[in-house]
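Asks: Once you've had a glance at the structure underneath, I'll fire off some questions.
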Amino acid sequence: QKIQVISLISEVIETMSMKYPEARITFDFDIDIPENIQFAIDRDHFSNVLLNLIDNSIKYCDNKPIITIKLFLHNNSHKLSLLDNGIGIPQKNLKYLFKKFYRVPKGNQNYVNGFGLGLFYVKRICDLHHFKINLESQVGTGTCVTITLD
Ligand code: ATP
Ligand code: MG
135 QKIQVISLIS
145 EVIETMSMKY
155 PEARITFDFD
165 IDIPENIQFA
175 IDRDHFSNVL
185 LNLIDNSIKY
195 CDNKPIITIK
205 LFLHNNSHKL
215 SLLDNGIGIP
225 QKNLKYLFKK
235 FYRVPKGNQN
245 YVNGFGLGLF
255 YVKRICDLHH
265 FKINLESQVG
275 TGTCVTITLD
């Protein structure tokens, strides 16, 4: 089913901004992307993907969470990126992130609870859509997740 992804992203951001008023979540899309652009996505599952990623960005952050979401064209592909100013993830742990129940050892100073299922689910849903997902991170700086939509 074809879904207008820009309005879906806006809805998710509105939900999360109300849940976490302390977080600053912004969304920008390239000038050459039409506002009503559609993609074949499962609305509920793809919303959950974004909710999970934003949830992580807020949970694993030691100061005021600033999350920057962008939809842009790169090499003829539409990409959705989500950048945060969180605590980051050590390089050596990155390759395990999408595994079921994996949590980074000492991955947060605040001992935030979690099952280690969020990113497993995110990866699974991206796979089912044939969307590539990439995660880059730097300890003390933040994390950037990029999903290639086509
Ligand atoms: P759940 O999502 O099931 O509630 P969780 O958040 O621990 O639990 P994942 O979302 O799969 O599980 O994330 C796995 C681990 O990766 C987290 O425990 C955390 O250590 C690390 N992590 C994930 N996203 C971020 C992020 N944006 N910044 C820093 N660390 C992160
Ligand atoms: Mg999580």
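The working numbering numbers the first residue of the sequence shown as 135 and each following residue consecutively.
Cβ atoms here follow ideal geometry from the backbone N, Cα and C, with glycine treated the same way.
Just so it is clear, the structure is predicted and the values come from calculations on it, not from any experiment.
1) Please determine, among Lys240, Leu251, Val246 and Leu205, the residue with the shortest C-alpha to C-alpha distance to Leu142.
2) Let's see if you can read the secondary structure: which residues bound the beta strand (DSSP E) around Ile281?
3) Out of Gly241, Phe161, Tyr255 and Arg237, which one is the CA nearest neighbour of Leu214?
4) Go through the residues and name those whose CB comes closer than 6 Å to any heavy atom of ligand 2, in chain order.
5) Assign Phe180 to one of two classes, buried (16 or more other C-beta atoms within 10 Å of its C-beta) or exposed (fewer than that).
6) Let me know the alpha helix (DSSP H) ranges lying completely inside the region 174-241, each 4 residues or longer, listed in chain order.
7) Keeping to the same chain, check which residues put their C-beta closer than 7 Å to that of Glu169; ignore five residues upstream and five downstream.
8) With a Cβ-Cβ cutoff of 8 Å, do Ile137 and Ile175 count as a contact?
9) Out of curiosity, what's the CA-to-CA distance linking Leu217 and Val273?
10) Let me check understanding here. Comparing Cα to Cα, which of Leu253, Tyr194, Thr280 and Asp261 lies closest to Tyr245?
11) Put Ile140 into one of helix, strand or coil per three-state DSSP.
12) Ile281: which of Gly252, His264 and Gln135 sits nearest, CA to CA?
13) Near Val256, what residues of its chain come up, given a Cβ to Cβ distance below 6 Å and the 5 sequence neighbours on each side ignored?
Replies: Looking at the coordinates:
1) Leu205
2) Gly276 to Thr282
3) Of Gly241, Phe161, Tyr255 and Arg237, the smallest CA-CA separation from Leu214 is found for Phe161.
4) Asn186, Asp189, Asn190, Gly248 and Gly252
5) buried
6) 177-193
7) Counting only Cβ-Cβ distances below 7 Å, and skipping sequence neighbours, we find Ile140.
8) yes
9) About 13 Å.
10) Each of Leu253, Tyr194, Thr280 and Asp261 was checked against the Cα of Tyr245, and the nearest Cα belongs to Tyr194.
11) helix
12) Among Gly252, His264 and Gln135, the Cα nearest to that of Ile281 is on His264.
13) Val183 and Asn186
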